[in-house]
Structure formats: structure tokens, C-alpha cells
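Residue numbers (the working numbering): 407 to 1197.
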């Protein structure tokens, strides 16, 4: 029902265009109550194609819209535009009164009878007199309209204009003008012609910023011609002394076209010119008011400038003359022997549309079987006025001219061109479309699936099925999406809707999965540790993800290992510490890294030692590296002596000679404990070893990704890496990225892309709470408990 109401106010094409306007570009500006339920509502609408902001105004009477207007050029011409439509669509609850659905048939019948009765009720006919004051100022081009109303005696409206117009709109209140006349809408009415004038003037009054001191209505701009058209059959005054009976659209000046030898002469016969308006469109002649053609208006200005009343031209200039002044010849006297030369015909018009880089158009006119292109220069009499109208239709549809070529370069306008413009042009002209254009389809929705799979080789792979889209085009497609374009022309010639939710999902998935866009046209191999995050995205965010059985089994194992029963000494470990060991073991079995971030004092080292015991039960010859600050390496030695005395461990510290001898002679020790500083000095040795597990304690030591410590730690190869820290984020989220860059390189993408994705500059650690997407991504790989929660 709302759609039907809107389409009564704006055209169908404007309605369709209005649906495409972003609702966020519409802002309420002002609500003005006139009286009772009568209101004026104003909105601001940001143009989609420029920086212009237009004002859309509605006048409501008893909840019904009785007038609408927009300050855009299109609305000034047609009284309808997409901006008005957009406000009606998106602010319908403000503008349309709620319909009562529980009316009984008796109520409805009563309302119908009341309306029929009031239509039959006799009302006195009000008279309306107008006095027009044309502005003759360079800064103000318009008409001030003063009103007189009455039945027998006419009264100046003057300072009562605001209350009178409100009463006229309201159809209820009354205005006293004198002893013999009080305006009452219930008993008085204007005739149909005057009512149209009054409705127009009300619009002008309310659309302008009127004040309580106003005594007239100001009509300006393009509305002047529309207003004068309403006065075509109306008697009115033009200040100071003229009384006119309507407006005549014609040229009143006697015009002559004759030939003398090889010269043609066009002349006008007049003594003087008396224009009513500044723009010299309305000419007072023999006590009548004429609206003259624009071309004649321009000619008279030039005649005045050059102090002449005629034009002489040769045969070669006939096309130029007809192009400029052909529309004034219909009222001119033309010598019989030259009439044929100045007969303006309307050619048959054909429009040929093709598709190359853009949609192009060729205009051809048929002048009595003489077919010419619009841009041709030929020696025939052409109807330039008509030809310009054809060109104007195309330019209004978005076509532009470049080097005598008409093309529609804005791909975002292609859907409107195909669905609306072509049918409209086909009603006026002969329209032909090329085979390439006929084959062009608008892919409103793209079927997309992404397959995540783990193969028998245990490699994690991803590939996409894009419903006929060449994967090599995805880079350009995504670039156009980033540029907020609506459509993209594929190599196949089809139009791709860039606002399609499936395509939007694909772009988001590529970003979240950190897939190199240059790899999209081939099978992508990605780190297996992203599987858990991608599985969570499948459940919570993306519907285009498909997975194979091995992928699902891998994810299932991640959950299964959480519940696995480990043989640990529960008389020593507390319950939460047992949970921590299981969590570390779960990560290890799935090949993931993680951060054990329990608060200080909760035993991160003892949980790590029992985790190491589980690894060595399965792989007793595994090498394990523990890196800690210098102040803590002997604490680690003490912890191993208490809880892992049966393990082969060694603190690799002391002098350089001692360490070198140890590296040369060591055969028994599998667990190496060293410092960040000594790791830098001995990195060449550690790089030669293959580690099953690498643990860094107080991991905030590598919070600066550019530090030497961070670079050295990340250079060591290990099957699984674990970080221990009570403060994974001390100052900024960049610190967290640096630790994950050690644990699972690339999991949070490059530092640059990480900052861009989460809009990070100098973000404090508390801000991490609001980064929901990042939390979702890292939460499976961080275990953090507080003392008050576990003790």
C-alpha cells in the first residue's frame, strides 16, 4: 500500500532510482506545524554523484501529503525526482498516517456518504485577483504576487497572507477581512482554475522561508514559467497599470522572410519593446502579455545591442539560420518562391547501441531517405531543434560526448539503462541493439562456494567455485568493490552486481583467511592452524564455506583432545593446572601454537613441565627449547629438579667457551634452557637443531617485532611453539601480533594489514575487548585464568 501511495507522488522511474539511494544520506532538517495536524517536513539528501545537498519538502494536511518538492534541477522541471522518492521510501512512517485496519463496514460506508454529501453541498464561489510585480534586478529574477479575495467586494490579503493560506490549506479555520467578508473554507471555494493557482502559490509560500511580515508570495527561478502557464486563461494585473486576460504563448511581432538576389533577409516590425520581466521572456504588446520563444528573446536582445531589426544571410547560412530561429518562422510571412527551402521537417530517428569498453550510441536521422549521422556535416536543411531534443534524451540518460562519440561510461548506470532507458527510448525512436549488448546480462546474484579441505598429504587447501567468473578478474572486482562501485563489467561482457551478498562474503572471507589475492586463480595452500578460525567463521559469519570430511575431522579432533584423559599426577597439580596441561597438549596434537597467559603465581612453569612430559612419553628423543629472561633460567632449573627431575635438561649458560664445549659434547640432554641474550649469541647452533617444542617465558620480551630478540626467537624452527606471559598486551595490540608472529607466522597477517584491518594506531590493551573479530580469531589459542577464579 505504501508503494502505491509513493507512486502517486513520484514517477515509477524515480521510485526505482529512489530505492537505490543510501538511507544514511537522508537527514531530517525541520518540522514546522502550521495549524492542527498540518505540518511542513524538510529533509536533507546528499547527492550520490556529487557534493550537492538537496532540500526535500513535504506539506501535510490531516496526515496526508498534499505537496512535495526538492531543490534539485530535475524536480524543478518535472515536479518529481529520486530524492523525493528516497525520503518517501525511507521515512514513510513520518510521512504517511497509519491506516486503520479495524474499520467496520459501517464506518467505511459512513465516510463514503459524508464525502459524497460534502461534494454536493453548495458553496459560494470565491473570486481571486492577482497583481504581479516583476523584479528587474540582476540579483533577483522573479515575481512578487499580491492577492485580493472576496465574493462581492474584493479585499487585499496583505499581512494576513500567512493566516489566509493556512486556513485555505486547513479547510477549517476562518479569517476575517472586513464587515462584509470573512473567509470560511466550509462555505466558500475557488473555481477549479483559481484553485490550481492557489495550490501552486501555497507551495511557493511554504517552500520559501516566509516570515510573519510577508504580504505577498515570491515566485522565482524555473517556477516563473510554470506559474505563468497557470495564468494562461486568467485575468490579472501586472504593476503598475496593466490588466491582462491570460498569457499567450507566441510571437506577436510581425516577421518577414524574403529573398533579394542571392541574399535572404529576416526582419521584425516593431517600434519599441516592453518586457514585463528581467529575462525578457514575457513581452507586453498591444495590451496583451506574450511568452515568446527563447530563440526570439535572444534575438531581440541582440537586435537591441546592435541597433538593428533584421538579419541578412546567404544560401550557405540557411542551416545555421534554421537551427537558431526555425521555431519563430511559424508566425512569419515568407515569400512564396522560397517557402520550400524553409520547410522544417521532423526526420525519422534511429538509435544504434553497441557494447565495447562502454555502451556506445550512434544517432542517425532519415531526411527523406537522406540518412545522416548526428555528428555529420552535410549541406542539407536539418531540424536542429528536434535533433538537440534527441541528444538531450541521451545525455539525460547518462551518455557523454567525447570526440564525436556518445558513450555511457558509468558502469553503475548500466542496469538503469537496460531496464528503464532502453524501453523509454524505444517508445520514441527506432532502437537497435548489437548482438554483444543483447548478450549482456546483469548477474544480480552470483553463486559462490569456497571449498576448504585437508588432503591425505595433510596439506590444508582452499579453492573457489565462482559461477562463471574468471578467477583472474577477482583482483579487479575487489578493487572496484573497495571503490564503492555498484557494477563491474566482466570479460564475458556481463555485468556483475558488486553489492551481491555472496560476493561481499567472498571478499570478506579472502580478507579473513588472509589469502593472497594473486593466488585466487589457482589452488591456495594455507597454514593448517587457520582451520579453527575458518570453522568458526563458517558457523558465525560466512555461508559460502564448504568443507571436506578430513577438514571436519581435524576440527573435531581439536574439540576431542580438549577432553582427552592424560596420565598426570593430580596429587601435585591443581584442577585448573590439569586443565592447562590438557589445553597445551590439545594445541600440540593439532599442530598449533598458543599463549598460556595465567596470572603470576598460578604455575605456568609447572604446567609446561607436565606438558613436556606428555610429549616425551610419545616422542622421547624430541628436542625442546625453553627461552627465558636471565633472572628466571635458574628458577626453571629448580622447577625441573622438583617436578621433572627424571627428564634430561640443561641450563645452557655461562661463558662462551663453556657453551661451545657443551654444544660439541652434549649427547644426552634433550631439554635446553637458555636466555634471550644467549640465544642471540648461540643462534647458529640452535638453528641446526630440529625442535619438537619451543617455549618462550615472559613472552613480552618479543613485544617489539623490530627488536633483535624478536627476530632471533622467530628464526628458530620448531614443530610447535608456546608463549608464557601474564601480560600478553601491555601497551598495544601490536605486541599481541608480535607474539602470534612467533607462534604461528601469518596467522594475523602482516603487521601492516593487521593494523589496517583493526584500525590500530596506538591502541591500549583495554581496546582489545571491543575487537570482536580479533577476539574470535585468537580466543582458541589463548588460555588466561585469574587467581580469584581458580584458587
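A virtual CB, placed ideally from N, CA and C, is assigned to each residue, including glycine.
Q. In terms of residues, what are the limits of the beta strand (DSSP E) holding residue 1036?
A. Unbroken run through residue 1036: none, as it is neither H nor E.
Q: List the residues that DSSP assigns as beta-bridge partners of residue 1081.
A: 1034
Q. Is it true that the CB of residue 1077 sits closer than 9 Å to the CB of residue 1018?
A. yes
Q: Note the first and the last residue of the continuous alpha helix (DSSP H) segment covering residue 986.
A: 981-996
**Q.** Range covered by the alpha helix (DSSP H) that runs through residue 1062
**A.** 1062-1071
Q. Cβ atoms of residue 1000 and residue 1008: under 9 Å apart, would you say?
A. no
Q | Nearest neighbour of residue 1202, chosen from 585, 561 and 594 [CA to CA] | A | No statement about residue 1202 is possible, as the shown extent of the chain runs from 407 to 1197 and does not include it.
(Q) According to DSSP, is residue 434 part of a helix, a strand, or is it coil? (A) strand
Q. How about residue 462 and residue 477: are their beta carbons less than 9 Å apart?
A. yes
Q: Kindly provide the ranges of any alpha helix (DSSP H) runs that are 4 or more residues long and lie completely inside the segment 1091-1149, ordered along the chain.
A: 1114-1121 and 1139-1149
Q) From the DSSP output, which residues share a beta bridge with residue 556? A) 533 and 560
Q | Segment limits, alpha helix (DSSP H) that includes residue 834 | A | 828-834
**Q.** Close-in-space but distant-in-sequence residues of the same chain around residue 870 (CB under 8 Å, 5 per side omitted)
**A.** 854, 855, 856, 857, 877, 912 and 926
(Q) Tell me the rounded alpha-carbon separation between residue 612 and residue 654. (A) 29 Å
Q | Given residue 1015 as reference, the closest of 741, 990 and 577 once Cα atoms are compared | A | 990
**Q.** Inter-residue CB distance, residue 1124 and residue 1031 (contact presumed, cutoff 8 Å)
**A.** 7 Å
Q: Starting from the C-beta of residue 709, find all residues in its chain whose C-beta is less than 8 Å away, skip the five residues before and the five after it, and write them out in chain order.
A: 674 and 715
Q.
Are there any heavy atoms of the ligand PLP lying less than 8 Å away from the beta-carbon of residue 604, as far as the coordinates show?
A. In the structure on display, the ligand PLP does not appear, and there are no ligands present to speak of.
Q. Which two residues bound the contiguous alpha helix (DSSP H) that contains residue 463?
A. No alpha helix (DSSP H) contains residue 463, which is instead part of the beta strand (DSSP E) from 459-467.
Q) Once you ignore the five residues that flank residue 883 on each side, which residues in its own chain have a CB closer than 6 Å to its CB? A) 894
Q: Over the uninterrupted alpha helix (DSSP H) stretch that includes residue 1015, give me the two end residues.
A: 1010-1024
Q.
Check whether the segment 640-651 and the segment 692-699 are in contact - that is, three or more C-beta pairs closer than 8 Å.
A. yes
Q) Got a sec, what are the start and stop residues for the alpha helix (DSSP H) residue 605 sits in? A) 598-613
Q. Just how far apart, CA to CA, sit residue 1136 and residue 1114?
A. 19 Å
Q.
Which residues does DSSP list as the beta-bridge partners of residue 1001?
A. 1129 and 1188
Q: Enumerate in chain order the residues of its own chain whose CB-to-CB distance from residue 725 is below 8 Å, with the five nearest sequence positions on each side excluded.
A: 785, 786, 787, 788 and 790
**Q.** Separation of residue 892 from residue 881, as counted between CA atoms
**A.** 16 Å
Q. Hey, quick one: how far does the alpha helix (DSSP H) through residue 586 stretch, first residue to last?
A. From DSSP, residue 586 is part of no alpha helix (DSSP H); its letter is neither H nor E.
Q: Could you check if residue 848 is buried or exposed, using at least 16 other CB atoms within 10 Å of its CB as the buried criterion?
A: exposed
Q) Are the Cβ atoms of residue 486 and residue 420 separated by less than 9 Å? A) yes
Q. Going by other Cβ atoms of all chains shown within 10 Å of its Cβ, with 16 needed for buried, is residue 1064 buried or exposed?
A. exposed
Q | CA-to-CA distance, residue 452 to residue 479, given in whole angstroms | A | 14 Å
Q) Among 805, 664 and 702, which one has its Cα closest to the Cα of residue 733? A) 702
Q: Enumerate in chain order the residues of its own chain whose CB-to-CB distance from residue 606 is below 7 Å, with the five nearest sequence positions on each side excluded.
A: 633 and 636
**Q.** Length of the line joining the Cα atoms of residue 1081 and residue 955
**A.** 43 Å
(Q) Can you tell me where the beta strand (DSSP E) holding residue 449 begins and where it ends? (A) 444-452
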